[in-house]
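Everything on this sheet refers to the single structure shown next.
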Amino acid sequence: MSTTKVYSAIPYGINGHLVTVEGDSNHGLPNFNIIGMPSQTIAESRDRIRSAIHNSLFSFPREKITINLAPAALRKSGTGLDLSIALSILLLSSQLFPHDVRKRMFVGELSLNGDLRPIRGILSIIETAITHHFKEIYIPLANSHQASLLADKIDIYPIQNLRELWLTLKQKAHISPLKQNVKNTKKDKHEHYLDQIVGQSQAKRALIIAIAGHHNLLLCGPPGTGKTMLAKCAPSLLPDMSTAECIETTKLHSLRTEIVNLVTTRPFRAPHHSASLSSIIGGANLLPGEISLAHRGILYLDEFPEFNRQVLESLRQPLEDYQIQINRAEGQVNYPADFILLATMNPCPCGYYGSSHHPCTCTPAQLYSYRKKLSGPLLDRIDMGINMAAPEQSVYVKNTTIGTREHAYAKKQIARALHKQLVRYEQQNLSNGHLSSSQIVNYIHLDHDCQSFLTEAANRLSLSARAYFKVIKIARTIADIENIDQISLNHLAEALQYRPQI
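Position in the sequence shown (from 1) plus 21 gives the number in our numbering.
Set out below in structure tokens:
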């Protein structure tokens, strides 16, 4: 056979891209070339594929072989095309026939002995096969756990090695397709509860409001006030994920590593303040960053002002649009970035500015430089801010027994508020924090007294239009927590107290 076609796919952004592996053989000096803008990883696959074919007891043709990866204008990277290239060579040498691979897709990395290794982005690849109406897809066995999320939409066959695949295609062996599985095999253990935090009732309430309404929260206070512990309580307050959210989140995480357990608990990402720009927003090899890996969960930034200024400013657009567009020489991709930003900081470099228990040693210049790291436009995009003070020492003595009653009640409040939002927004997967200004006009109505109060407050506090609407959204969440349909003056007054102030 002189020409062949085998279908595969590569992850491209959060989605995948169909790749047609075209093979051609001609008389001439034995040679093996791969064209079609392959990366260095794909170019090196020639030796892997040759050894895998020999060690799987097949013969490698002694002809001039050319493999074209179409479309040629798309740059391909990764190791997932190894298997389809090997099958194309088996077709060229008549060890397989076209009907053996018709309406089937193949992905996987080959080892030298012919075994299949896991690849990244398997869910994006399977969705590509579904979009292009393939009936079957063959994947590495190690990817079967996450691939089982989509097993109800296409027949997915887990393969251990090239020889097993050949026997299956020739109907000399039988492999059963995967069955759908959305059960979590590894439950996250939460060891932090609101009851363990001494005092800080206002900060606890702010955290409950932030999670219940999808609002961003900044906690500011001296060391030892409970900022970090409060942040660690957040994951156990988050609601359960739906099946669609599990698939979406697992797909994002599978782009960064080959083997990922099914993500069935909401992400809690806590990058160090030395993290680079590309690690936070993504872009290295067009891979997602921390803001996308925190999608549907929480992005926790401890020591907020210690992050690079460029990194902090890059958060402004995702906080508004809930997605990030990455433009690089390799291409342009979009990733979702719908997360709750939870940030903590000290009031000054030494940490004790305004403390009644410890003197501050910072100079005015140091204070100015420290606070200058957080720009006004960035703070304007943060919904809520709390200045935490160290509790009196007498409180520690009184706190002799610690349970989980307060934490359990907080979860009930959040669940009640989320249910009210689900009903109000007609199953649109919206939270109060997601609402645009036009949606606020449609869904949230203020009476005359509330409008007058908020207008006067906005004038006195010089609130921007964005801050004005954020106050309304926070007030709506407070009313939802209290199971009240109409926003009152008390709700607006409390929401105004949460405006970030440093």
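Each residue gets a CB set at the ideal place from its N, CA and C atoms; glycine is no exception.
Pairwise C-alpha distance: Asp470 and Ala296: 47 Å
In three-state DSSP terms, what is Cys254? Cys254: helix per DSSP, three-state reduction.
Among Arg69, Ile177 and Tyr374, which residue has its Cα nearest to the Cα of Glu148? Ile177
Would Pro288 and Gly310 be called neighbours here (beta carbons separated by less than 7 Å)? no
Hey, out of Glu212, Lys191 and Ile180, whose CA is closest to Ser197's CA? Ile180
Please determine if the region 255 to 270 and the region 300 to 307 are in contact, where contact requires at least 3 C-beta pairs separated by less than 8 Å. no
Option in Ile31, Pro243 and Ala168 with minimal Cα separation from Thr382: Pro243
Helix, strand or coil for Val42, going by three-state DSSP, please let me know. Correct three-state label for Val42: strand.
Taking the alpha-carbon of His213 as reference, which of Ile230, Glu185, Cys254 and His379 has the nearest alpha-carbon? For His213, the nearest C-alpha among the options comes from Cys254.
At least one CB of chain C closer than 7 Å to the CB of Ser46: is that the case? As a matter of chain content, chain C is missing from the structure shown, which is built from one protein chain.
Cβ neighbours of Thr62 in the same chain (closer than 8 Å, five flanking residues each side left out): Ser98, Gly99 and Thr100
Inter-residue Cα distance where the pair is Lys207 and Ser60: In this predicted model, Lys207 has a pLDDT of only 49, less than 50, meaning its place in the structure is not dependable; the value taken from the coordinates is given anyway. Using only the alpha carbons, I get a separation of about 36 Å.
Thr24 (DSSP reduced to helix, strand or coil): In the structure shown, Thr24 sits in a strand (DSSP, three-state: E or B).
I'd like to confirm the pairing. Which residues does DSSP put opposite Phe53 in its beta bridges? Ile86
Return the Cβ separation of Ser222 and Leu199 in integer angstroms, given the expectation that the two are a contact with Cβ distance under 8 Å. The pair is not a contact, with the Cβ atoms about 49 Å apart (cut-off 8 Å).
What do you reckon, are the CB atoms on Leu362 and Leu308 nearer than 7 Å? no
Please go through the same chain and pick out, in chain order, the residues whose beta-carbon is closer than 6 Å to the beta-carbon of Thr421, but skip the five residues on each side of it. At Thr421 the pLDDT is 48, less than 50, meaning the model places this residue with poor confidence and gives no usable figure here.
Do Tyr374 and Pro368 come within 7 Å of each other at the CB atom, strictly closer than that value? yes
Please go through the same chain and pick out, in chain order, the residues whose beta-carbon is closer than 7 Å to the beta-carbon of Arg426, but skip the five residues on each side of it. Asp216
Would you kindly work out how many angstroms separate the C-alpha atoms of Asp136 and Glu279, rounded to a whole number? 15 Å
Cys383 - DSSP class collapsed to helix/strand/coil: coil
Give me the Cα-Cα distance between Arg392 and Ile218, rounded to the nearest whole angstrom. 27 Å
Measure from the alpha carbon of His48 to the alpha carbon of each residue in Tyr28, Pro82, Glu65 and Arg330, then state which is nearest. Of the candidates Tyr28, Pro82, Glu65 and Arg330, the one whose C-alpha sits nearest the C-alpha of His48 is Pro82.
Start and end residues, beta strand (DSSP E) containing Leu320: Ile319 to Leu322
Pick helix, strand or coil for Gln344, following the three-state DSSP scheme. strand
Alpha-carbon spacing of Phe79 relative to His316, whole angstroms: Rounded to the nearest angstrom, the gap between the Cα atoms of Phe79 and His316 is 45 Å.
Per the DSSP calculation, Gly303 is bridged to which residue(s)? Pro309
Rounded to whole angstroms, what's the CA-CA distance from Ile435 to Leu251? Just pull it up for me. Taking the Cα positions, Ile435 is about 16 Å away from Leu251.
Check the C-beta distance from Ile407 over to Leu240 and give it rounded, since I have them as a contact under 8 Å. 5 Å
Using a 10 Å radius around the Cβ and a threshold of 16 neighbouring Cβ atoms, would you call Leu113 buried or exposed? buried
7 Å Cβ cutoff met for Met405 and Leu238: yes
Using beta-carbon positions only, say whether Ser105 and Asn36 come within less than 7 Å of one another. no
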